[in-house]
Amino acid sequence: MSLMTLLVLVAALFAAVSLFNGIVSMAHGGAEDQRASHWLMFKRVGWQGLALLFMLLALLVNLK
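The opening position of the sequence shown corresponds to residue 129 in this note's numbering, with each subsequent residue numbered one higher.
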């Protein structure tokens, strides 16, 4: 397993964990969900973007 594959998997795992945390927070509702929902979504989108960036880098490296 290459380093890029590992980085993609780690970023995807963190995106999944952030998604799970957001779902759990939304299920509980209340004031904490109101405060945390934006931050949890921001983290999830950031991890997804990082995973996409790593995948594109891996594809570019393998093209050469």
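A virtual CB, placed ideally from N, CA and C, is assigned to each residue, including glycine.
Residue i versus residue j - alpha carbon distance
i	j	result
L180	V136	8 Å
M195	M154	Given that the chain is displayed from residue 129 to residue 192, the structure contains no residue 195 and the question cannot be resolved.
M132	G174	18 Å
A144	K192	31 Å
N190	G150	35 Å
As assigned by DSSP and simplified to three states, the class of residue i
i	result
S146	helix
S153	helix
S130	coil
Selection from the options that minimises the alpha carbon distance to residue i
i	options	result
R172	L188, D161, L134 and A140	A140
S165	S146, A186, V189 and Q176	S146
L168	F148, H156 and V138	F148
F142	G158, R163, G157 and F170	F170
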